[in-house]
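Report on one structure; see the data block that follows.
Number of protein chains: 2
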Amino acid sequence: MPRPQRAPGGFPVVGIIGGGQLARMCAGPATELGITLSVLAESETAAAALAVPSAPVGAHDDLEAVRDFAAGCDVVTFDHEHVPADVLAALVADGVAVHPRPEALRHAQDKLVMRRALTDAGVPCPRWAAVADAAQVDAFAAEVGWPLVAKTPTGGYDGKGVLVAAGPEDLTDWLATAQEKGEQLLLEERVPFVRELAALVARSPSGQAAAWPVVETVQTDGVCTEVIAPAPDLGEDAAVAATEVALEIAAALAVTGVLAVELFELADGSVVVNELAMRPHNSGHWSMDGAVTGQFEQHLRAVLDLPLGSPRPRAPWTVMGNVLGGHHDDLYPAYRHVMARDPEAKVHLYGKGVRPGRKIGHVNVSGTELADLRERARHAAGYIEGAITQ
Amino acid sequence: MPRPQRAPGGFPVVGIIGGGQLARMCAGPATELGITLSVLAESETAAAALAVPSAPVGAHDDLEAVRDFAAGCDVVTFDHEHVPADVLAALVADGVAVHPRPEALRHAQDKLVMRRALTDAGVPCPRWAAVADAAQVDAFAAEVGWPLVAKTPTGGYDGKGVLVAAGPEDLTDWLATAQEKGEQLLLEERVPFVRELAALVARSPSGQAAAWPVVETVQTDGVCTEVIAPAPDLGEDAAVAATEVALEIAAALAVTGVLAVELFELADGSVVVNELAMRPHNSGHWSMDGAVTGQFEQHLRAVLDLPLGSPRPRAPWTVMGNVLGGHHDDLYPAYRHVMARDPEAKVHLYGKGVRPGRKIGHVNVSGTELADLRERARHAAGYIEGAITQ
Numbered sequence: 001m002p003r004p005q006r007a008p009g010g011f012p013v014v015g016i017i018g019g020g021q022l023a024r025m026c027a028g029p030a031t032e033l034g035i036t037l038s039v040l041a042e043s044e045t046a047a048a049a050l051a052v053p054s055a056p057v058g059a060h061d062d063l064e065a066v067r068d069f070a071a072g073c074d075v076v077t078f079d080h081e082h083v084p085a086d087v088l089a090a091l092v093a094d095g096v097a098v099h100p101r102p103e104a105l106r107h108a109q110d111k112l113v114m115r116r117a118l119t120d121a122g123v124p125c126p127r128w129a130a131v132a133d134a135a136q137v138d139a140f141a142a143e144v145g146w147p148l149v150a151k152t153p154t155g156g157y158d159g160k161g162v163l164v165a166a167g168p169e170d171l172t173d174w175l176a177t178a179q180e181k182g183e184q185l186l187l188e189e190r191v192p193f194v195r196e197l198a199a200l201v202a203r204s205p206s207g208q209a210a211a212w213p214v215v216e217t218v219q220t221d222g223v224c225t226e227v228i229a230p231a232p233d234l235g236e237d238a239a240v241a242a243t244e245v246a247l248e249i250a251a252a253l254a255v256t257g258v259l260a261v262e263l264f265e266l267a268d269g270s271v272v273v274n275e276l277a278m279r280p281h282n283s284g285h286w287s288m289d290g291a292v293t294g295q296f297e298q299h300l301r302a303v304l305d306l307p308l309g310s311p312r313p314r315a316p317w318t319v320m321g322n323v324l325g326g327h328h329d330d331l332y333p334a335y336r337h338v339m340a341r342d343p344e345a346k347v348h349l350y351g352k353g354v355r356p357g358r359k360i361g362h363v364n365v366s367g368t369e370l371a372d373l374r375e376r377a378r379h380a381a382g383y384i385e386g387a388i389t390q
Numbered sequence: 001m002p003r004p005q006r007a008p009g010g011f012p013v014v015g016i017i018g019g020g021q022l023a024r025m026c027a028g029p030a031t032e033l034g035i036t037l038s039v040l041a042e043s044e045t046a047a048a049a050l051a052v053p054s055a056p057v058g059a060h061d062d063l064e065a066v067r068d069f070a071a072g073c074d075v076v077t078f079d080h081e082h083v084p085a086d087v088l089a090a091l092v093a094d095g096v097a098v099h100p101r102p103e104a105l106r107h108a109q110d111k112l113v114m115r116r117a118l119t120d121a122g123v124p125c126p127r128w129a130a131v132a133d134a135a136q137v138d139a140f141a142a143e144v145g146w147p148l149v150a151k152t153p154t155g156g157y158d159g160k161g162v163l164v165a166a167g168p169e170d171l172t173d174w175l176a177t178a179q180e181k182g183e184q185l186l187l188e189e190r191v192p193f194v195r196e197l198a199a200l201v202a203r204s205p206s207g208q209a210a211a212w213p214v215v216e217t218v219q220t221d222g223v224c225t226e227v228i229a230p231a232p233d234l235g236e237d238a239a240v241a242a243t244e245v246a247l248e249i250a251a252a253l254a255v256t257g258v259l260a261v262e263l264f265e266l267a268d269g270s271v272v273v274n275e276l277a278m279r280p281h282n283s284g285h286w287s288m289d290g291a292v293t294g295q296f297e298q299h300l301r302a303v304l305d306l307p308l309g310s311p312r313p314r315a316p317w318t319v320m321g322n323v324l325g326g327h328h329d330d331l332y333p334a335y336r337h338v339m340a341r342d343p344e345a346k347v348h349l350y351g352k353g354v355r356p357g358r359k360i361g362h363v364n365v366s367g368t369e370l371a372d373l374r375e376r377a378r379h380a381a382g383y384i385e386g387a388i389t390q
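Just so you know, the protein sequences line up as chains D and L, in that order.
Letter 148 of the first sequence, counting from 1, is numbered 148 in full-length UniProt numbering, and no numbers are missing.
Letter 229 of the second sequence, counting from 1, is numbered 229 in full-length UniProt numbering, and no numbers are missing.
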């Protein structure tokens with residue numbers, strides 16, 4: 001595998017396993033920081049491979065490809081959570097600096113491991129149970145009632161691997177599949193949340209941490225479509241409490257890099273943890289334009305154990321609208337229209353082909369009038385995807 | 001020459017001739033815009049070649065290399081002014097969209113052409129003359145007095161090609177060299193300026209224009225070392241007048257892309273034009289962090305005839321400090337120190353080897369207290385270059 005071209009001056013190479021949009025959006029900050037990026041990409045046309053000079057093609061679960069890739073890097077980090085445990089263990093055995101470390105990352109790879117660790121750490125979670133058969137389902141349902149939420153512990157994303165079950169019959173197939181694999185299902189109570197929040201922090205191997213303001217996330221069909229930073233009408237005590245939860249998790253699990261904590265806000269203002277991600281996250285895309293240090297720059301700084309940058313917002317409000325694949329794939333004319341309509345819109349596109357519902361970009365707008373910003377972000381994203389035509 | 005990998009969705013390829021830091025700093029914005037960049041680079045280790053996947057090596061004055069490169073691009077633009085007229089003419093004859101167009105660019109390539117055009121357009125300039133012999137020097141000196149400023153019309157940058165002559169004997173060598181080449185020298189009166197300003201605008205082929213705030217530039221030994229945006233204590237009338245000069249030049253010369261107009265401010269608040277550049281410029285580096293749309297994004301939008309982005313400043317003040325090559329080349333530890341001292345400092349490094357006085361990076365800081373920002377920018381830049389050690 002060809003080695004990345006190093007810059008002079010002692011600057012390191014950060015390797016990212018996975019060539020999706022999260023790796024791609026590290027490219028700009030890496031260039032400015034003077035750091036070299038190398039991406040182990042799924043294909044020559046992966047989102048990040050279009051933007052990073054060193055992007056060898058290889059599979060994230062191909063032990064020899066990953067080891068060979070890592071040998072050219074000073075630090076290895078991730079575009080996604082799917083690198084298998086044995087591959088991670090081999091890297092560590094080879095002496096590779098892997099961030100987040102495998103023992104932290106497993107909490108983002110396996111939701112049962114995550115629930116156990118958070119519960120042990122006293123972090124507020126929905127009531128949950130690990131179940132392997134119908135009797136265990138019935139016992140948990142007797143405690144929390146129907147409907148309840150079932151999750152496959154591994155492999156889910158963007159609403160995939162999550163099922164709202166109205167009764168035991170909805171779980172028959174999932175239980176059978178889990179039993180075949182010798183796995184358990186994670187069951188959770190269906191939390192009566194009033195909205196979803198996310199607390200995004202970064203933590204370095206030295207233990208330095210930095211927290212962005214807590215944001216509100218809006219999901220449509222299980223996919224994040226809008227983020228408002230900071231979360232509107234969130235009291236200072238509630239914001240501090242949510243941030244503390246994220247910082248506690250980062251410290252308790254020894255997370256290195258960016259940690260996103262997805263939260264449910266309850267009617268009394270308290271929060272419980274929904275999901276974790278240990279990498280830059282959709283809920284932090286607003287920070288690329290809306291904060292002094294965006295999440296992609298911060299992730300690079302954190303995994304390199306560089307001092308962290310200021311997460312201070314640059315404007316009272318920033319709203320992010322996700323662009324999803326729609327029913328036309330000729331994006332360029334639509335995007336030209338959006339730029340003409342709104343000279344302040346910051347359009348970010350991922351170089352990905354259009355498939356309905358696929359995340360292909362996002363738009364950030366910052367300013368002082370929240371309702372106006374929400375309308376503009378929604379219009380820009382909707383127009384590029386083709387859902388809005390005027 | 002290999003063709004750049006195109007992104008799906010109809011997005012264009014912008015080719016940049018020259019692989020220096022100005023091309024490099026287009027890489028991040030191009031990635032976010034979803035545009036593909038291709039750079040004709042001086043070498044495989046050119047600043048931009050380290051950051052852009054498509055960076056074939058070729059000389060800017062090699063006609064066949066430039067034509068071959070341009071054949072893979074939708075638009076061709078420049079990292080510098082040095083592409084020869086015959087090469088540019090061949091591109092135009094091939095039907096390549098070249099921006100800025102050769103007939104505009106020649107005003108940035110030849111200072112005599114520039115002085116004639118600006119004078120014809122009624123733009124305020126220092127008194128000037130084109131001279132070929134000692135008698136013409138004497139005649140101009142009789143008009144404006146000694147010392148005066150001599151410039152080689154082509155090829156100068158960063159103070160090179162500029163001489164302050166105290167008397168005719170200082171010009172003997174330059175005149176001889178010019179005569180050998182069959183060229184003239186440009187002589188200008190030494191303007192009693194109180195400070196230097198720069199007005200940066202962008203103009204698209206459709207004629208849309210956008211102007212950033214007028215900035216103050218500080219030169220040390222002919223090299224820009226600090227930029228303050230906006231220029232302190234510049235009255236609104238003076239700022240409008242300086243911006244109008246730049247917009248007039250952009251329209252009169254049909255500039256496409258970013259135009260930087262370097263200005264001398266006189267004691268009465270009026271300005272005269274010192275130099276022009278038709279590309280992103282050192283005086284606009286502050287805009288990468290300090291404006292909604294930075295100059296590198298805007299240049300790409302302009303040469304593609306996309307609607308221009310808002311040049312609105314994100315903060316009351318942004319100060320840029322250039323990092324020059326110093327006496328150590330192990331930059332990484334110094335940069336780590338700067339990040340620790342100032343979490344709000346935005347450090348930009350160019351991937352270039354250190355040579356004394358060479359521009360190797362810059363630092364931007366934004367905020368409300370100008371004196372504090374100037375101290376921080378100066379300290380950060382000075383510490384990385386090694387001029388400040390504590």
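All C-beta atoms, glycine included, are put in the ideal place defined by N, C-alpha and C.
Cβ shell of residue 100(L) (< 7 Å), same chain only, five flanking positions each side left out: Here the set comprises 255, 256, 257 and 278.
Close Cβ partners of residue 388(L) (< 7 Å) along its chain, the five nearest in sequence each way excluded: Residues 379 and 382 of the same chain have their beta carbon placed closer than 7 Å to that of residue 388(L), with the five preceding and five following residues left out of the count.
Uninterrupted beta strand (DSSP E) stretches inside the segment 203–288 of chain L (no shorter than 3 residues): 209–211, 215–220, 223–229, 257–265 and 271–277
Against chain D: residues of the segment 38–69 of chain L by CB proximity under 8 Å: 44, 45, 49, 50, 51, 52, 53 and 55
Nonlocal neighbours in the same chain, by C-beta distance under 6 Å from residue 386(L), ignoring five residues either side: Taken in chain order, the residues that qualify are 326, 327 and 328.
Per DSSP, cross-strand counterpart(s) of residue 346(L): DSSP lists 364(L) as partners of residue 346(L).
Residue 231(D) beta carbon less than 8 Å from that of residue 244(D): no
Exposure of residue 146(L), with buried meaning 16 or more beta-carbon neighbours within 10 Å: exposed
Candidates 238(D), 127(D), 350(D) and 187(D), of which the one nearest residue 332(D) by Cα: 350(D)
Residues of the segment 131–151 of chain L whose Cβ lies closer than 9 Å to any Cβ of chain D, in chain order: none
Proximity of residue 199(L) and residue 261(L) at Cβ, strictly below 8 Å: yes
Residues of the segment 351–376 of chain L with Cβ closer than 9 Å to any Cβ of chain D, in chain order: 351, 352, 353, 354, 360, 361 and 366
Closest residue to residue 154(D) among 240(D), 275(D), 286(D) and 167(D) (Cα-Cα distance): 275(D)
Cutoff 8 Å: residue 31(D) Cβ touching any chain L Cβ: yes
Contact with chain B by residue 382(L), beta-carbon distance below 8 Å: Among the protein chains of the structure shown, namely D and L, there is no chain B.
Cutoff 8 Å: residue 339(D) Cβ touching any chain L Cβ: yes
Environment of residue 77(L) [buried if 16+ CB atoms lie within 10 Å]: buried
Within chain D, the residues that residue 344(L) reaches when beta carbons sit closer than 9 Å: 292, 293, 309, 310 and 312
DSSP bridge partner residues for residue 313(D) (one or two, in chain order): 291(D)
Residue 390(L) versus residue 320(L): straight-line alpha-carbon distance, rounded: 20 Å
Short CB-CB distance (under 8 Å) between residue 36(D) and chain L: yes
Proximity to residue 206(D) [Cα-Cα], best of 324(D), 307(D) and 4(D): 307(D)
Closer than 8 Å to chain L by CB, residue 284(D): no
Integer-rounded CB distance, given that residue 271(D) should sit under 8 Å from residue 186(D): About 19 Å separates the two Cβ atoms, so there is no contact after all.
Nearest-angstrom beta carbon gap, residue 38(D) and residue 10(D) [assumed within contact, 8 Å]: Contact doesn't hold; Cβ gap of about 17 Å is too wide.
Range covered by the alpha helix (DSSP H) that runs through residue 111(L): 111–120
Endpoints, the beta strand (DSSP E) within which residue 15(L) is located: 13–17
Beta-carbon neighbours of residue 8(L), restricted to chain D and to distances below 9 Å: 45, 329, 331, 351, 352, 353 and 354
C-beta atoms of residue 352(L) and residue 89(L) nearer than 8 Å: no
8 Å Cβ cutoff met for residue 188(D) and residue 151(D): yes
DSSP state of residue 181(D) mapped onto helix, strand, coil: helix
Chain L contacts made by the segment 159–192 of chain D, where a contact means CB separation under 9 Å: none
Option in 33(D), 70(D), 79(D) and 74(D) with minimal Cα separation from residue 42(D): 79(D)
Within 8 Å, strictly: CB atoms of residue 304(D) and residue 30(D): For residue 304(D) and residue 30(D), no; Cβs fall outside 8 Å.
CB contact below 8 Å: residue 97(L) versus chain D: no
Cβ pair residue 282(L), residue 322(L) closer than 8 Å: yes
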